[in-house]
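A short write-up of the structure that comes next.
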Amino acid sequence: MESLFENQTIYTRKLFMETQNASYSKFHKTSRMFLLILSVIFMITALICLGIYLANKDVKILVGGAGLFVLSAAFLILHFQVYKFRANSAFKTDLAMCPSGEHSYSIFSDNIQLTTSQSNQTILLDQVTKIFETENTFCIMVQKTFLFLTKNGFTKGTASEFREFLKQTCPKKYM
């Protein structure tokens, strides 16, 4: 059986960050909202403490308000940056499993064959849970693992043809 598409992708930290950022923005809205709400609550409480300090000049209140302000800033930073921790962890894990970072994909009508310097895997398209695109990649989620193919890495077929194939083959999973 001949493949429909072939893709050569070299996993880099930049691609991991791009993929994880898009994933975090699309699929982790609840956790992002939770961090944002915590930040707002701590900021409001810090402002109340500042008002109490200005009225009473009690240094203990000012110290508590400063601590709450720091917590507010920390949660706000986490809201925007937590995906980087996941991306760094995923990148290190993948680098340990495939030191060269080279991934070869052969896409057939019903499966994807992934070949690295360390392993060969066959992923059935029925196992795919989500598919989305970033600026430079196609992200295919299988359970909780991401596969991503660079758009400029196609040696057989094109990125636009692959997009149409995914939309026809997995219409409910394509986002």
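Position one of the sequence shown corresponds to residue 104 (our numbering), numbered consecutively onward.
Glycine included, every Cβ here is placed at the ideal spot set by N, Cα and C.
Model, not experiment: these values are computed from the prediction.
Boundaries of the alpha helix (DSSP H) harbouring Lys-132: 132 to 159, taken from the DSSP string. Assigned with DSSP and collapsed to three states, Lys-129 falls in helix.
Around the beta carbon of Leu-138, 16 or more other beta carbons sit within 10 angstroms, so the residue counts as buried. Ranked by how close their Cα comes to the Cα of Ser-126, the residues Lys-275, Phe-268, Phe-265 and Leu-250 have Leu-250 in first place. Per DSSP, reduced to three states, the secondary structure at Ser-263 is helical. Restricted to the stretch 180 to 267, the beta strand (DSSP E) segments that are unbroken, complete and at least 3 residues in length are 205 to 210, 214 to 218, 223 to 227, 231 to 236, 240 to 245, 248 to 253 and 257 to 259, listed in chain order.
Listed as beta-bridge partners of Asn-110 by DSSP are Tyr-208 and Phe-257.
Gln-123 counts as buried, since at least 16 other C-beta atoms from the protein chains shown sit within 10 angstroms of its C-beta.
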